[in-house]
Amino acid sequence: MAIGPERFRMNAEDPHPIKMTINGNAYEVSVPARRTLVDLIRYDIGLTGTKEACSVGVCGACTVMLDGHIVASCITLAVQADGADIQTIEGMGTPEHLSPVQQAFIDCGGFQCGICTPGQLIAATALLAEQPPTSSAEIREWMQGNL
1 MAIGPERFRM
11 NAEDPHPIKM
21 TINGNAYEVS
31 VPARRTLVDL
41 IRYDIGLTGT
51 KEACSVGVCG
61 ACTVMLDGHI
71 VASCITLAVQ
81 ADGADIQTIE
91 GMGTPEHLSP
101 VQQAFIDCGG
111 FQCGICTPGQ
121 LIAATALLAE
131 QPPTSSAEIR
141 EWMQGNL
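When we follow my numbering, the leftmost residue of the sequence shown carries the number 1, and every step to the right adds one.
Pasting the structure below:
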């Protein structure tokens, strides 16, 4: 067994097997160490509801829930999600049975072009699950990570 820095080096191109659950479905994939979670979700798994806009974790378009916490999937490595439970926009509801947050966005005109909407829906759902807000100021503070 190697000791020192060599022990911790990963070749960024070598495939690394990971397991995760996305929207209740189990996945086993092999990805390069530098593969982002958003790329895994969109291109490897085929769930295109999660969007990538800024690629640096500031706009919120790529927001997903990872083990109950919101994360920017554009700056989260897929290997960091090994063993995790992930929820994307596809796991929120169906066209026939929207989640209450999805219905509220429709009822209140919360949609624009649609790039930021999936991340906003995930963030709003997380807010309600974690700490139901008592004021509009709390909502604005929570949602400030989503453009």
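Ideal placement from N, C-alpha and C gives every residue a C-beta, glycine not left out.
Do residue j and residue i count as a contact pair if the criterion is CB distance below 8 Å?
{"i": "methionine 65", "j": "alanine 26", "result": "no"}
{"i": "glycine 60", "j": "alanine 123", "result": "yes"}
{"i": "threonine 63", "j": "glycine 119", "result": "yes"}
{"i": "lysine 19", "j": "aspartate 67", "result": "no"}
{"i": "isoleucine 22", "j": "leucine 47", "result": "yes"}
{"i": "lysine 51", "j": "isoleucine 106", "result": "no"}
{"i": "methionine 143", "j": "leucine 121", "result": "no"}
{"i": "asparagine 16", "j": "valine 38", "result": "Contrary to the premise, residue 16 reads as histidine rather than asparagine in this sequence. Contact flag unset, no."}
So the beta strand (DSSP E) residue i belongs to, where does it begin and stop?
{"i": "proline 15", "result": "15-22"}
{"i": "aspartate 85", "result": "85-87"}
{"i": "threonine 63", "result": "63-66"}
{"i": "glutamate 28", "result": "25-32"}
Within 10 angstroms of the Cβ of residue i, are there 16 or more other Cβ atoms? Answer buried if so, exposed if not.
{"i": "threonine 149", "result": "In the structure as shown, the chain begins at 1 and stops at 147. Residue 149 is therefore absent and cannot be evaluated."}
{"i": "arginine 140", "result": "exposed"}
{"i": "threonine 88", "result": "buried"}
{"i": "alanine 137", "result": "exposed"}
Can you give the beta carbon distance from residue i to residue j, rounded, assuming they're within the 8 Å contact cut?
{"i": "valine 56", "j": "leucine 40", "result": "The Cβ separation is near 18 Å, so there is no contact."}
Can you tell me which of the options puts its alpha carbon nearest to the alpha carbon of residue i?
{"i": "arginine 34", "options": "Gly46, Cys108, Cys74, Val58", "result": "Cys74"}
{"i": "valine 79", "options": "Leu128, Glu13, Leu147", "result": "Glu13"}
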